[in-house]
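The sequence shown runs 167 to 512 under my numbering.
Think of the CB as a built atom: it goes at the ideal place given N, C-alpha and C, for glycine as much as any other residue.
Quantities reported herein were computed from a predicted structural model and do not represent experimental measurements.
Report on the structure given below.
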Amino acid sequence: MTQSLTLRRPDDWHLHLRDGDMLRAVVPESARHFARAIIMPNLVPPVVTGAQAAAYRDRILAALPDGADFEPLMTLYLTEETDPADVAAAHAAGLVKAVKLYPAGATTNSASGVSDFDKVRPVLEHMAEIGLPLCMHGEVTDPSVDIFDREAVFIDRVLDPIRRATPGLRVVMEHITTSQGVDYAREGGDTLAATITTHHLVINRNHLLVGGIRPHYYCLPVAKREEHRLALRAAATSGDPSYFLGTDSAPHVDALKETGCGCAGCFTATNTMSILAEVFEQDGALDRLEAFTSLNGPAFYGLPVNAGSLTLTRGAPVAYPPKIHAGADTVTVFDPGFPLHWRVDP
Ligand code: DOR
Ligand code: ZN
Numbered sequence: 167m168t169q170s171l172t173l174r175r176p177d178d179w180h181l182h183l184r185d186g187d188m189l190r191a192v193v194p195e196s197a198r199h200f201a202r203a204i205i206m207p208n209l210v211p212p213v214v215t216g217a218q219a220a221a222y223r224d225r226i227l228a229a230l231p232d233g234a235d236f237e238p239l240m241t242l243y244l245t246e247e248t249d250p251a252d253v254a255a256a257h258a259a260g261l262v263k264a265v266k267l268y269p270a271g272a273t274t275n276s277a278s279g280v281s282d283f284d285k286v287r288p289v290l291e292h293m294a295e296i297g298l299p300l301c302m303h304g305e306v307t308d309p310s311v312d313i314f315d316r317e318a319v320f321i322d323r324v325l326d327p328i329r330r331a332t333p334g335l336r337v338v339m340e341h342i343t344t345s346q347g348v349d350y351a352r353e354g355g356d357t358l359a360a361t362i363t364t365h366h367l368v369i370n371r372n373h374l375l376v377g378g379i380r381p382h383y384y385c386l387p388v389a390k391r392e393e394h395r396l397a398l399r400a401a402a403t404s405g406d407p408s409y410f411l412g413t414d415s416a417p418h419v420d421a422l423k424e425t426g427c428g429c430a431g432c433f434t435a436t437n438t439m440s441i442l443a444e445v446f447e448q449d450g451a452l453d454r455l456e457a458f459t460s461l462n463g464p465a466f467y468g469l470p471v472n473a474g475s476l477t478l479t480r481g482a483p484v485a486y487p488p489k490i491h492a493g494a495d496t497v498t499v500f501d502p503g504f505p506l507h508w509r510v511d512p
């Protein structure tokens, strides 16, 4: 018997598209399945102003294949110099759907991020007033904090104090990786939500480190213990509106992954929907996949759900390319380590 599953067309609430050759290589991979995506602003230099976000949006639209139906939802990169008036104008124009906070030094291209959280208080207060969400990379950068503890410590030291000081601020905890993140997001009421990546539902830190170091499983926040992966699975498959998909699909050329000091990021845009269907089937939760990929995100962002649909059909294992080409370079597609039986219908 053929099994098929039809969902509202999904959105990706956390995506890295980069620029230039890489943008042209990866944007078709997302546009094939996703109707919209929240576009991360950590370019070099970062997307800081409304004018830069408008120009980047134009470059993304120009890189789309003919006939693609994909809307980039732009974000601004928060710095200690960000002008609240510029943020408000970009929001009022409908251009910008969120502001991204990177603690300075936490991850790829985060050097212009925030070190002194008091300095961004006026912007955050303004965002609370106008209802513009803050997307947070939730890891402390204190060198004395173990990398596996940085998310849990961030919640106590940074996130909770900011939320208490700025009532009404809408916050998305980006790419949570711990049971502490799952619990804090669940208990945060309707101004708090969390995105969960595809890869953190699949890998724990053993996948990264046992039997040899696997650079294509290295991302930030780094994958944690199995108990945390299981907490993420339970959250994603629960249907709870606090959680929705943000793939954090983050392409780097293979030469910069497979090297002495490799970049952080897993590239999952190509096979995310097949992986998620497999994961939700493994957990007996296929009926809740649509909430995670297509309903909970728009509800939090105050946007309509997509009009179109996406159908997956179960059958023989799906073939997907192990790598895609970006200019003269290659980008490795995330390998979940198990066969994928759900194919997205063309
Ligand atoms: O793994 C990651 N890659 N985590 C991030 O926070 C940034 C991203 C990137 O831009 O490569
Ligand atoms: Zn990211």
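| Check | Outcome |
| --- | --- |
| Report, in whole angstroms, the separation of the C-beta atoms of Thr307 and Ala270, which I expect to be a contact under 8 Å. | 7 Å |
| Report the option in Ile342, Gly431, Ala451 and Cys432 whose CA atom is closest to the CA atom of Ile321. | Ile342 |
| Can you tell me whether Lys423 is helix, strand or coil according to DSSP? | helix |
| Mind checking if Leu461 is an interface residue toward chain D, Cβ cutoff 8 Å exclusive? | The chain labelled as chain D is not found in the depicted structure, where only one protein chain is given. |
| Taking its Cβ as the centre, do 16 or more other Cβ atoms sit within 10 Å of His429, making it buried, or is it exposed? | Checking the displayed sequence, the identity of residue 429 turns out to be Cys instead of His. The residue is buried, with at least 16 neighbouring Cβ atoms inside 10 Å. |
| Tell me the rounded alpha-carbon separation between Asp406 and Gly412. | 15 Å |
| Would DSSP call Met206 helix, strand or coil? | coil |
| Note down the Cα distance separating Gly260 from Ala254, rounded to an integer number of angstroms. | 10 Å |
| So, under 8 Å CB-CB, Ile205 and Leu189 are touching, yes? Tell me the CB distance rounded to an integer number of Å. | Wrong, their Cβ atoms sit about 10 Å apart, outside the cutoff. |
| Under 6 Å Cβ to Cβ from His418, same chain only, skipping five residues before and after it: list those, please. | Cys429 and Gly431 |
| What's the C-alpha gap between Thr477 and Arg287? | 44 Å |
| List the DSSP bridge partners of His491. | Thr496 |
| Terminal residues of the continuous alpha helix (DSSP H) containing Thr438? | Thr438 to Gln448 |
| Residue range of the alpha helix (DSSP H) that Asp414 falls in? | No alpha helix (DSSP H) holds Asp414; DSSP gives it neither H nor E. |
| For Lys423 versus Pro488, is the C-beta spacing smaller than 8 Å? | no |
| Looking at the structure shown, is Ile362 part of a helix, part of a strand, or coil, going by DSSP? | strand |
| Going by the CB atoms, is the gap between Gly463 and Phe410 shorter than 8 Å? | yes |
| Secondary structure at Tyr486, three-state DSSP: helix, strand or coil? | coil |
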